[in-house]
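With this note's numbering as the guide, the letters of the sequence shown map in order to residues 24 to 500.
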Amino acid sequence: MVSERVQQPPRYKKGNRFVMIKIAKFGGSSVADAKHFRQIRSIVEADPARRFIVVSACGRRHKGDAKVTDLLYLVAAHVRYHVSCDDLLEDIGQRYFDIADELGLAYPIREEFAAFAEKAKAGQYTTEELVSRGEYFTARLMAETLGLPFLDAADVVAFHHDGTLSMRRTEELIQERGIPGGFVMPGFYGATREGQIKLLDRGGGDISGSILAKCLGADLYENWTDVSGFLSADPRVVENPQPIGRVTYQELRELSYMGASVLHEEAVFPVMEAGIPIAVLNTNRPQDKGTIISDREDYISGEPIITGVTGKQNFVAVHILKDHMSNEVGIIRRVLSVFERYHVSVEHIPSGIDSFAVVVQGDDVKDCIWSIVADIKSEVPVDKIKVVEDLALISTVGRNMIGRPGVSGSLFAALGQEGISIRMIAQGSDEINIIVGVHKDDFERAIRAIYRAFSDGDHLLELKDLKRAEESARRLR
Ligand code: ASP
Numbered sequence: 024m025v026s027e028r029v030q031q032p033p034r035y036k037k038g039n040r041f042v043m044i045k046i047a048k049f050g051g052s053s054v055a056d057a058k059h060f061r062q063i064r065s066i067v068e069a070d071p072a073r074r075f076i077v078v079s080a081c082g083r084r085h086k087g088d089a090k091v092t093d094l095l096y097l098v099a100a101h102v103r104y105h106v107s108c109d110d111l112l113e114d115i116g117q118r119y120f121d122i123a124d125e126l127g128l129a130y131p132i133r134e135e136f137a138a139f140a141e142k143a144k145a146g147q148y149t150t151e152e153l154v155s156r157g158e159y160f161t162a163r164l165m166a167e168t169l170g171l172p173f174l175d176a177a178d179v180v181a182f183h184h185d186g187t188l189s190m191r192r193t194e195e196l197i198q199e200r201g202i203p204g205g206f207v208m209p210g211f212y213g214a215t216r217e218g219q220i221k222l223l224d225r226g227g228g229d230i231s232g233s234i235l236a237k238c239l240g241a242d243l244y245e246n247w248t249d250v251s252g253f254l255s256a257d258p259r260v261v262e263n264p265q266p267i268g269r270v271t272y273q274e275l276r277e278l279s280y281m282g283a284s285v286l287h288e289e290a291v292f293p294v295m296e297a298g299i300p301i302a303v304l305n306t307n308r309p310q311d312k313g314t315i316i317s318d319r320e321d322y323i324s325g326e327p328i329i330t331g332v333t334g335k336q337n338f339v340a341v342h343i344l345k346d347h348m349s350n351e352v353g354i355i356r357r358v359l360s361v362f363e364r365y366h367v368s369v370e371h372i373p374s375g376i377d378s379f380a381v382v383v384q385g386d387d388v389k390d391c392i393w394s395i396v397a398d399i400k401s402e403v404p405v406d407k408i409k410v411v412e413d414l415a416l417i418s419t420v421g422r423n424m425i426g427r428p429g430v431s432g433s434l435f436a437a438l439g440q441e442g443i444s445i446r447m448i449a450q451g452s453d454e455i456n457i458i459v460g461v462h463k464d465d466f467e468r469a470i471r472a473i474y475r476a477f478s479d480g481d482h483l484l485e486l487k488d489l490k491r492a493e494e495s496a497r498r499l500r
């Protein structure tokens, strides 16, 4: 009988042991100077599974400092306009020389950098290739620091000519050329078949790490940064918000779309498809638990009712009123087609019996809102159109809210108690978020009120405390 074999993700072998695969991606602030390089060395040495490393270009060392990537973009602009950039190149080079000198590295960084600077000044690079050297040199120095081989992203991360990523070819190349015992790969770039360097989005090193995790069938994607994971609210708005221990990919999408930014939004997709969890960890405090992002939706005792509260300002609501609208067919479609014609993406469509609103991002319509209104008026038989600007949306996110009566009651009671008028309410069909629209002047107060409703001052309330949240909301009424 042929036994059925469950397909296992590949493991790499150390001696005669198979070890888990963890991709560890270190962001710009984590590789800013020699001190951080040493911290990374001890993080990597602490766990034999951390052998597949991705790095960003050196970031800011302190407030007011510049990121190498930004400086390289500046070099490209100087070259384009034939303005001397010797000082800039000198500053960039010095950052690498300082790291190499302090760590006593043998990589010939001075020679390599001088050759790069000459070519850059002579205009021999495309902007993308020039900028990509930030991660290239960082990865070279990191590889030696960690005693791991260097793997050039240009050899394994494959792009189409139009600048989009070819996941299929990348998978093949990583299987073919990825070094089984581990390596250091620069993030943020890759190349076409002909070897032309292409860049991902800004902050795209996170995407490189995620792609690598997927292609190697990793057990975990560790994203090391300068914060201990995600916080349940913006610390500039809420004092001492609780860190988020666990979050689903979907919740994270909601939180980051609405404002929380630690990880590049697109970085979730490759690992989500492969079911690989992401751990967001702090290079400066490796002992902190950080945040785990995965598809686990089950409730673990002690977890809070809400995962986080976040929000975004500058939305515009176009209210459409028409008597007996519910008896007419096609009104919403015709209004939406006007927005489509202007390539404006629609965020929400709250509706009533004789009215509905189209909520869009203010930036998307800043130059065309009145043309859109004029087109709607001339093409669709509506009674009245009202444009409301200065709308802010607040999203309360939590997988544990699903199917639990009382959560929205507490939320609305808290806003009522604060005297905040709610202009719009929406809930995603999967029930993991409740969105309220408020006037922009009420934005921060509303976030604080919601956070307070679900916390006891120090901690977010647990699911077993939901009754308490409801009772305190009722008392407030
Ligand atoms: N160095 C690039 C940037 O600053 C990519 C990254 O850091 O992930 O955008």
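Note that the Cβ used here is the ideal one computed from N, Cα and C, for glycine as well. None of the values given here were measured: they were computed from a predicted structure.
- Residues of the same chain with a CB within less than 8 Å of the CB of Phe-253, apart from the 5 flanking positions on each side, are Pro-266, Ile-267, Val-270, Leu-275, Leu-278, Ala-283, Val-285, Val-303, Thr-314, Gly-331 in chain order.
- Counting along the chain, Phe-362 sits inside the alpha helix (DSSP H) bounded by residues 354 to 364.
- A direct Cα-Cα distance of roughly 23 Å separates Thr-333 from Lys-487.
- Here Val-179 has Leu-196, Ile-197, Arg-200 as same chain residues with Cβ atoms under 6 Å from its own Cβ, once five neighbours each way along the sequence are excluded.
- Distances from the CA of Ile-355 to each of Tyr-365, Pro-373, Val-339 were compared; the closest alpha carbon is that of Pro-373.
- Annotation: the continuous beta strand (DSSP E) that includes Arg-74 extends over 73 to 78.
- Between Ser-255 and Leu-438, the CB-CB gap reaches or exceeds 8 Å.
- Here the region 333 to 350 makes contact with the region 398 to 408; the two share three or more CB pairs at distances below 8 Å.
- Judged by DSSP in its simplified three-state form, Gln-384 adopts strand.
- Excluding its 5 nearest sequence neighbours in each direction, Glu-320 has C-beta neighbours in its own chain below 7 Å: Thr-271, Arg-422, listed in chain order.
- Val-106 is classed as exposed because its beta carbon has fewer than 16 other beta carbons within 10 Å across all chains shown.
- Unbroken beta strand (DSSP E) stretches of 3 residues or longer found wholly inside the region 294 to 371: 301 to 305, 314 to 317, 331 to 344, 369 to 371, given in chain order.
- Assignment of beta-bridge partners to Gln-450 by DSSP yields Ile-457.
- Relative to the ligand ASP, Gly-213 has its C-beta separated by 7 Å or more from all heavy atoms.
- The alpha-carbon of Ala-57 is positioned some 6 Å away from that of Glu-125.
- Secondary structure note for Met-208: its beta strand (DSSP E) is the uninterrupted segment 206 to 209.
- When C-alpha distances from Arg-156 are compared across Val-91, Cys-391, Met-447, the shortest belongs to Val-91.
- When secondary structure is reduced to three states using DSSP, Asn-246 falls in the strand class.
- The beta carbons of Leu-414 and Val-361 sit no closer together than 8 Å.
- Apart from sequence neighbours up to five positions away, the residues of its chain that approach Ala-176 with a beta-carbon distance below 6 Å are Met-208, Pro-209, Tyr-212, Gly-213, ordered along the chain.
- As a beta-bridge residue in DSSP terms, Thr-271 pairs with Ser-317.
- For Ala-166 against Lys-237, the beta-carbon gap comes to about 22 Å, at or over 8 Å, which does not count as contact.
- With the rule of 3 Cβ pairs closer than 8 Å, the region 96 to 111 counts as touching the region 134 to 145.
- Under the three-state reduction of DSSP, Ala-256 is assigned to coil, being neither helix nor strand.
- Counting other Cβ atoms within 10 Å of its Cβ, Lys-389 stays below 16 and is therefore classed as exposed.
- The beta carbons of Arg-308 and Thr-168 sit no closer together than 8 Å.
- In chain order, Val-381, Val-410 place their CB closer than 6 Å to the CB of Val-341, counting only its own chain and leaving out the 5 sequence neighbours on each side.
- Assigned with DSSP and collapsed to three states, His-462 falls in strand.
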